[in-house]
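J.: According to mature numbering (1 follows the signal peptide of the UniProt record, and there is no 0), the residues represented by the sequence shown are -18 to -1, 1 to 315, in order. Every residue gets a Cβ at the ideal spot worked out from N, C-alpha and C, and that includes glycine.
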Amino acid sequence: MNALAPLLLLVVVVAAHAAHLHPHDKNVPFGRAQLRPLARIPAHWSRVRTNPSVFQDREASLDIDGKSSTIGTTVGYFLSGWLPSSSQEVILAVLNILLPSSPEEDIDYFELIKEDVMRVVGDYIDQHNMDQLEAYKNDLGVLLKRYSEAPIHSDNYPDKNTMANSLSTSLIANRFLVEAGERPQSMILHYTDIASIHILVLKDAADTYTNGSHISRWWQDLDDQLAHYIDYGRRLQNDVVDWRNDMMDCSFEETSKYDYWTVTDPVSNTVDECKELHDTHTCDDHCQAYQLHMNREVTQFIWEYMGKSLREWETLKIQSEAMAKQASRSWVP
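Rendered as structure tokens:
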């Protein structure tokens, strides 16, 4: 099955549902009540990989540019196995974004992904939380740097176990910035990035402290956090699609000579009118056609920047569940 199959199925569902709307029903607004069910991303995307990774269709790279690649997609490539790099190399690539070594190296990453998400949400962004996250990124970068440089075992310095705990605690305490905003749909890329950093570190800690028959308790932490990120991520992607459809409205005006179907979409600043001779019904599919095109764009965006990463989290959860059951019950990393 093609990697985009869930999206194509989604578009078909939109079209099929639209076909059941009576085109001459002029008394029911085409906005909130009718649009909500049309575009749901399946919450039950398979967690068992029966096909190659969804990330294989592009060349894997550690070059995070905030456009074609984000922190989330880069970590997704790594988890999929298509990025031939170590976890340490991926962590360093993320550090270059959070703590650029010079002003010339600073690509203003969070401004770039804000511009990306505005393609879907327009001006409906949560600027306050974005600013708060921009401030937090430095603290996050420092903690991630300390983790990357920490020894595996040490009697004199904080080791990776200690730093992984500090980093995980910080991320859990601050992820409300991407999960509890007034406009969560605008934080979808930021959410994927924060979740991906957390998952990357927990996976690295679990691998680092697993040796032979000794299974690290970090697998349990990873499994718990994957459950959280997968659950919220599924709901978020569906909420984004629902919200986007709710923001669109379609109205009908009937006169003795002409009839008018008008799509109003404040997100894209669109007012699109179709004029037809009275009772000719040549514009009956005007609203459905606009909605179908809009849903294609929205679901494609979500799939590229979040859906693929979520698929890798689901696959990793299969492993983390199995490993967590075998993890040591004594207090060891």
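For His6, which three-state DSSP category applies?
T.: Below a pLDDT of 50, predicted positions are generally treated as unreliable, and His6, at 37, falls in that range; the measurement from the model is reported next regardless. Of the three classes helix, strand and coil, the one that applies to His6 here is coil, per DSSP.
J.: For Leu(-11), which residues from the same chain have a beta carbon less than 6 Å from its beta carbon, with the 5 sequence-adjacent residues on both sides left out?
T.: Here the model assigns Leu(-11) a pLDDT of 44, short of 50, so the residue's position is not dependable and the matter cannot be decided.
J.: Should Ala117 be labelled buried (16 or more other beta-carbon atoms within 10 Å of its own) or exposed?
T.: So Ala117 counts as exposed.
J.: Less than 9 Å between the beta carbons of His172 and Leu159, yes or no?
T.: Closer than 9 Å, so yes.
J.: Per the DSSP calculation, Tyr240 is bridged to which residue(s)?
T.: Leu259.
J.: Using DSSP with H/G/I as helix, E/B as strand and the rest coil, what is His196?
T.: Strand at His196.
J.: Would you check if there are 3 or more beta carbon pairs closer than 8 Å linking the region 90 to 108 to the region 279 to 292?
T.: Cβ pair count under 8 Å is three or more, so yes.
J.: When DSSP builds the beta bridges, which residues end up paired with Cys269?
T.: Cys269 is not bridged to any residue.
J.: Enumerate in chain order the residues of its own chain whose CB-to-CB distance from Ala209 is below 8 Å, with the five nearest sequence positions on each side excluded.
T.: If we look at Ala209 and ignore the five residues flanking it on each side, its Cβ neighbours are Lys299.
J.: How far does the alpha helix (DSSP H) with Arg157 in it extend, from its first residue to its last?
T.: It is not in any alpha helix (DSSP H) - Arg157 carries neither H nor E in the DSSP assignment.
J.: Going by CA-CA distance only, name the one from Ile53, Leu44, Tyr59, Pro315 that's closest to Asp189.
T.: The shortest C-alpha separation from Asp189 is found at Pro315.
J.: With a Cβ-Cβ cutoff of 9 Å, do Leu218 and Asp203 count as a contact?
T.: Against a cut-off of 9 Å, the Cβ pair of Asp203 and Leu218 comes out as no contact.
J.: Would DSSP call Asp206 helix, strand or coil?
T.: Correct three-state label for Asp206: helix.
J.: With H, G and I counted as helix, E and B as strand and the rest as coil, what does DSSP make of Thr252?
T.: Thr252 falls in the strand class under three-state DSSP.
J.: According to DSSP, is residue 317 helix, strand or coil?
T.: Residue numbering for the chain in the displayed model covers -18 to 315; residue 317 lies beyond these limits and cannot be assessed.
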